[in-house]
Structure formats: structure tokens, C-alpha cells
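Residue numbers (the numbering used here), protein chains in the order written: chain R, 1 to 356; chain U, 357 to 618.
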């Protein structure tokens with residue numbers, strides 16, 4: 001079990017992190033660039049000499065600046081695996097030598113199994129500059145796992161890879177977690193990656209953890225608008241009742257299902273594809289419905305059209321809730337949904353989170 | 357690439373002319389030195405001078421390696437104001453004329469100098485001795501090695517050193533298994549430059565130690581006392597002693613790391 005409670009001074013702010021990761025769990029630190037995620041990972045690894053607080057792994061204290069004398073275990077004695085976006089393979093060594101680098105003695109069986117599991121048999125005698133990006137990351141992962149660390153830290157290890165390779169390595173990581181039972185902390189700015197790999201996650205911004213908990217909760221129950229917009233919510237709408245709810249492009253369905261959430265009426269203005277999925281743009285002229293089903297004007301919100309569903313909003317500006325009666329929503333649609341350009345549609349916001 | 361080459365064709369004769377200009381003095385050796393002159397130069401102090409030069413250069417290089425490598429590493433890895441100041445100060449011995457180095461060394465290591473007086477108490481002398489030659493060669497050659505080492509270490513990705521530490525290798529082991537092997541090509545060139553500089557050291561050496569004669573000093577004496585024909589064979593000995601190591605180092609580095617030409 002990993003227990004982290006530490007502060008790391010940075011130039012413009014101090015990173016504050018407090019979280020626990022259960023043994024064998026995959027935990028994601030999710031947030032935008034410069035949120036302080038890598039600093040947290042670096043502190044756990046032992047590179048942040050200015051970090052204060054406590055870090056424990058399986059009951060062993062790696063850092064405790066509250067103790068006298070304070071405890072600090074050097075990096076090379078922590079026995080953890082660490083993989084970054086750059087594979088950092090030793091260029092003067094072969095793949096085999098890279099993988100065996102961290103082994104004190106030739107514990108060949110485990111390493112041999114890793115090599116087979118990672119599909120590296122054919123490149124064992126190759127130098128890193130002869131490998132593709134995906135192969136290099138496989139070697140980096142195998143190298144990190146070969147000494148059988150108690151903790152694996154991953155700092156956006158797949159960010160530079162193409163979609164298919166990324167998916168393949170995500171599958172490999174899941175398998176490694178399942179078969180070896182190793183605790184993994186992964187830093188990512190891709191929500192889909194966090195959702196795919198982690199059972200729990202923390203959303204970070206400006207050095208603070210905004211919310212942490214089960215991964216699904218981040219999208220279903222974001223604790224604040226700051227968290228919501230980080231996990232893909234693109235608009236806030238004020239309903240007739242005065243409630244302000246969030247709109248997530250993936251949590252809007254075409255049709256009126258009043259038992260599942262508020263229903264909006266709108267006009268389809270564009271119909272296209274984004275990343276292989278159907279995406280429609282709907283101008284919601286009025287939102288909220290009265291008991292008779294006829295539209296009732298309750299307020300409006302103008303939202304700049306994002307490039308596709310699930311994309312991050314363009315900035316942190318507060319939406320203007322009094323800008324006008326037209327709201328433009330870009331949402332995912334099923335290929336069979338009857339929502340051609342010019343058609344009027346009803347949209348149901350599925351159990352949207354409320355914000356004040 | 358070819359289209360670019362067509363526009364810079366006029367560079368080729370210019371480049372070749374420069375290369376010929378630099379190499380053509382070597383042809384003088386073939387035309388002006390006889391085998392008999394080599395024999396005479398060898399027996400007439402040349403062999404002893406070569407021995408002195410080789411011994412003093414090897415000792416100087418050991419000192420340079422042992423003390424210059426850590427300094428080069430720290431200059432490459434430390435970014436504090438103190439180490440930047442050290443770096444700037446290191447430029448002074450690098451840029452100082454060798455003759456001036458020699459004069460300063462005499463004042464410092466001579467019998468009446470601060471260190472010289474201490475050495476005298478132990479029965480050593482740092483003027484006109486092998487120790488004096490070694491000291492002069494160290495002062496002339498070490499800055500070249502230190503700055504080469506700094507450049508070599510700077511090119512080693514610190515991320516690789518971090519990766520090694522994370523894999524359980526201690527800092528010393530990381531230095532041995534990662535940093536030094538990756539810096540080796542640059543270090544070897546610095547080593548070769550320092551060797552060439554040490555074995556060819558003249559200005560500081562002649563001020564510090566007229567005796568025992570090193571090869572460069574012997575060349576100068578022969579030139580003064582007997583003229584050019586007597587000096588040339590000694591110059592050939594100096595070339596044969598000084599050139600192979602730097603050439604091998606440069607060729608080895610190019611073979612390992614430099615991109616292929618054309």
C-alpha cells in the first residue's frame with residue numbers, strides 16, 4: 001500500500017498531494033499539463049529533495065520530514081519501477097542488457113517470462129536505436145518490471161505513441177497488473193487512459209487534488225465545475241427549477257426520457273464524424289420543459305463549439321449564463337439516430353451533475 | 357541534397373587548398389631528413405629526451421585523468437553560481453600563454469615560492485627536475501581535458517542516470533555503468549588532446565625545467581646550436597610520439613558516433 005502526504009515547492013505554486021493506493025491497485029493522477037502530477041511521482045521516486053511530508057510503501061517509510069532525524073530513503077534503495085514518456089533506454093546496451101540492468105543476480109526465469117510476455121524475443125540483441133517507439137516502451141516497461149519492484153510509477157508512458165500501439169500497451173499494462181499484482185500509479189492527461197487502466201483516480205489542477213475516488217465517479221459525480229470541465233463537461237445549463245447542471249457530450253441521448261434526466265429541445269445544425277464516431281451539433285433554442293411538453297424559456301447559455309465530444313474545453317473561462325437564449329451543444333450520436341441537419345430533436349441529459 | 361551541393365561547388369577547391377596548406381609542411385620532412393640524421397639525433401640526446409617526454413607525459417596524464425575527470429563532471433552537472441565561477445576561472449589557464457604559465461609556476465614552485473619551499477624541506481625540487489616537467493605539462497594540458505570532459509559529460513542524458521538510479525544502481529555504479537561509457541568518446545578525445553598538448557609542451561617547460569630535456573626543448577636546443585638539419589629528425593620523433601594516440605582517439609570516436617560523410 002502506498003500512502004502519500006507531501007508538499008513539493010515549485011516555482012509558481014506548491015504541489016500538495018494526499019492519497020492512498022491499495023496494494024495491487026492502479027491509481028491515476030489525471031490533470032492538465034503543469035498541474036503537478038509529475039512532481040508527485042518524482043517525489044515518490046525520491047528525486048524531489050525539497051519535498052516535505054510522509055511517503056510510505058507497504059509500511060516502510062521512504063520519506064518523513066516530521067520525524068527527528070527525518071527519514072529519506074535514497075532513490076536507488078526504493079526498489080520501484082519508473083517509466084516516462086521517453087523510454088530512456090541505455091543506448092550503449094542491447095535490449096537484453098537493458099532488461100537485465102536492474103537485476104543484482106541473474107534471476108533469469110522472471111526476466112525470461114517478461115521478455116516472452118512483452119514479445120521481445122526477436123530484438124534481444126538489438127540496440128535501442130534500432131527499435132520502434134512502441135518497442136522501446138515495451139523494453140522500458142520490461143526493464144522496470146524485471147527487478148520485481150513493489151511499485152510501478154508511470155509518467156505518461158504512452159503519450160507519444162499512436163492510437164493502436166497505445167491501446168496494445170494499455171492492454172499489456174492491465175495484464176501485468178492482473179498477473180503480477182503490482183501496485184501502479186499512472187500520470188496521464190488523457191481521461192480515456194485513466195478510465196481504461198485505473199480503478200481510482202485523482203484530478204489535479206494547479207498543484208492541488210480537486211477530487212479523488214473511483215474513476216467512474218469523476219464523470220458521473222464531479223464534485224465541482226473545475227473537475228467537471230477536466231473530465232469532459234462542455235457546458236453548464238440553468239434549468240427552469242433554478243438548478244444548474246453540467247452537459248457532457250457522452251451523456252446526452254437523443255429522445256425525451258424524462259425519467260432519466262432533463263429534456264431539452266433543439267435544432268440540428270451539423271452532422272459529422274470525429275475520431276470515428278458520429279457527432280452532431282444542436283442549437284438548443286430553449287431548454288427545460290413544462291408539464292405539457294411545450295418549451296419554456298428559462299435562460300440561455302452560449303457555448304463555443306468544441307472540436308468533438310470528450311475534448312477538453314478551450315479554457316478555464318466561466319461561461320456567461322446571461323449571454324442569450326441560444327445554446328450550441330456538440331454531442332455524440334448513435335449512427336441510427338434520426339437527427340439530420342435541420343431536424344428538430346429532443347435531448348435528454350442523463351442524470352447530470354448539479355453545480356451551484 | 358544534390359541540388360544544394362551544386363550551388364556550393366566553389367567551396368570544394370577552397371577546402372582542398374586549406375587542407376593542402378596545412379599538410380604540405382610535412383612533406384619537408386621527407387625531403388630534408390636522411391636515415392643517418394635519424395641515427396645521429398637518436399644517439400645525440402634524442403633517445404633520452406623522448407624517454408623524458410614519454411614518462412613525464414604519462415605521469416601528467418594520470419594526474420590529469422584522476423583530478424580532471426571529477427572537475428569536468430562537476431562543471432557539467434552543477435549549475436550553481438559557484439561552479440559557473442569555477443568554470444570561468446578555468447578559462448584563465450586555458451587561454452594563458454604557456455610562457456606566462458611557466459613564469460608563474462617558477463614563482464610558485466621555485467625554491468623561494470610558497471610550494472617550492474615546502475618541497476625543498478622534503479628534498480624535492482620543482483625546477484630543473486622531472487617533477488618540474490610534469491607540473492608544467494599538467495598546467496599546459498589539464499584545461500583542455502577538463503573542458504573536453506565537461507562537454508562529454510554534458511552530452512550524457514541525465515534521464516539515463518536517473519533511470520539507472522531507479523533500477524537500484526548506486527551513484528557510483530551509475531557513474532561506472534552509464535555515465536562513463538557514454539561520455540567515453542568525448543573523454544577519449546579530451547585525453548588525446550591533453551596528451552598531444554603535454555608531450556608538445558614547450559613554453560612552460562623550458563622556463564620550469566631546462567633539464568632534463570624533453571623532446572620539444574631538445575628540438576629547440578638543436579635548432580639553436582646546430583641548425584635546422586639537426587632539429588628536423590628530433591621533430592620527427594616528436595611527431596611519431598605525439599600523433600598516434602590523438603589520431604586513434606579521433607578515428608575511434610568518429611567510427612562510433614559521427615554520421616557518415618556524404
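Even glycine gets a Cβ: it sits at the ideal position worked out from N, Cα and C.
Query: Contact between the segment 532-552 of chain U and the segment 453-471 of chain U is defined here as three or more beta-carbon pairs at a separation below 8 Å; is this criterion met?; Result: no
Query: Can the beta-carbon of residue 158 of chain R be found closer than 7 Å to that of residue 83 of chain R?; Result: no
Query: Taking C-beta pairs closer than 7 Å, name the residues in chain R that residue 508 of chain U reaches, listed in chain order.; Result: The contacting residues do not exist; residue 508 of chain U stays about 14 Å from chain R at best.
Query: Pick out the complete alpha helix (DSSP H) segments inside the segment 483-510 of chain U, 4 residues or longer, and give them in chain order.; Result: 486-510
Query: Give the interface partners of residue 92 of chain R over in chain U, defined as CB-CB distance under 7 Å, in chain order.; Result: 537 and 538
Query: From residue 556 of chain U to residue 68 of chain R, what does the alpha carbon distance come to, in whole angstroms?; Result: 58 Å
Query: What whole-angstrom Cβ distance do residue 4 of chain R and residue 44 of chain R have, given they're in contact under 8 Å?; Result: 6 Å
Query: What does the alpha-carbon distance come out to for the pair residue 336 of chain R and residue 80 of chain R?; Result: 49 Å
Query: Suppose the cutoff is 6 Å on Cβ atoms and the five residues either side in sequence are ignored; what does the same chain contact list for residue 225 of chain R look like?; Result: 355
Query: Count the CB pairs spanning the segment 155-171 of chain R and the segment 179-195 of chain R that are closer than 8 Å, and state whether there are at least three.; Result: yes
Query: Could you tell me whether any Cβ in chain R is nearer than 7 Å to the Cβ of residue 544 of chain U?; Result: no
Query: Check the Cβ-Cβ distances between residue 526 of chain U and every residue of chain R, and say whether any is below 7 Å.; Result: yes
Query: Return yes when the Cβ of residue 132 of chain R is within less than 7 Å of the Cβ of residue 358 of chain R, no when it is not.; Result: Given that chain R is displayed from residue 1 to residue 356, the structure contains no residue 358 of chain R and the question cannot be resolved.
Query: What residue from R/180, R/162, R/191 and R/197 has the CA that sits closest to residue 170 of chain R's CA?; Result: R/197
Query: Can we say the segment 591-601 of chain U touches the segment 403-412 of chain U, given the rule of at least three CB pairs closer than 8 Å?; Result: yes
Query: What is the rounded straight-line gap between the Cα of residue 200 of chain R and the Cα of residue 423 of chain U?; Result: 52 Å
Query: How many angstroms separate the CA atom of residue 20 of chain R from the CA atom of residue 55 of chain R?; Result: 10 Å
Query: With distance defined between alpha-carbon atoms, name the residue in U/512, U/506, U/509 and U/521 nearest to residue 143 of chain R.; Result: U/521
Query: Pick out whichever of U/550, U/366, U/523 and U/393 has its Cα sitting closest to the Cα of residue 412 of chain U.; Result: U/550
Query: Would you mind listing the alpha helix (DSSP H) stretches within the segment 447-482 of chain U that are 4+ residues and don't spill past its ends, in chain order?; Result: 454-465 and 470-477
Query: Determine the DSSP secondary structure at residue 198 of chain R, reduced to helix, strand or coil.; Result: coil
Query: Can you give me the C-alpha to C-alpha distance between residue 145 of chain R and residue 283 of chain R, rounded to a whole angstrom?; Result: 51 Å
Query: If you drop the 5 nearest sequence neighbours on each side, which residues of the same chain put their C-beta closer than 6 Å to that of residue 202 of chain R?; Result: 19, 29, 209 and 212
Query: Answer with yes or no whether the minimum CB distance from residue 515 of chain U to chain R is below 7 Å.; Result: yes
Query: Leaving aside the five residues before and after residue 136 of chain R along the sequence, list all residues of the same chain whose C-beta is less than 8 Å from its C-beta, in chain order.; Result: 87, 89 and 128
Query: Determine, using beta-carbon pairs with one atom in the segment 527-539 of chain U and one in the segment 90-106 of chain R, whether at least three such pairs fall under 8 Å.; Result: yes
Query: Can you pull the DSSP bridge partners for residue 346 of chain R?; Result: R/265
Query: Residues of chain U with CB closer than 8 Å to the CB of residue 47 of chain R, please, in chain order.; Result: 518
Query: Whose Cβ in chain R lies nearer than 7 Å to the Cβ of residue 521 of chain U?; Result: 75 and 76
Query: Is residue 261 of chain R closer than 7 Å to residue 349 of chain R when the C-beta atoms are compared?; Result: yes
Query: On a Cα-Cα basis, can you pick out the residue from U/448, U/435 and U/491 that is closest to residue 464 of chain U?; Result: U/491
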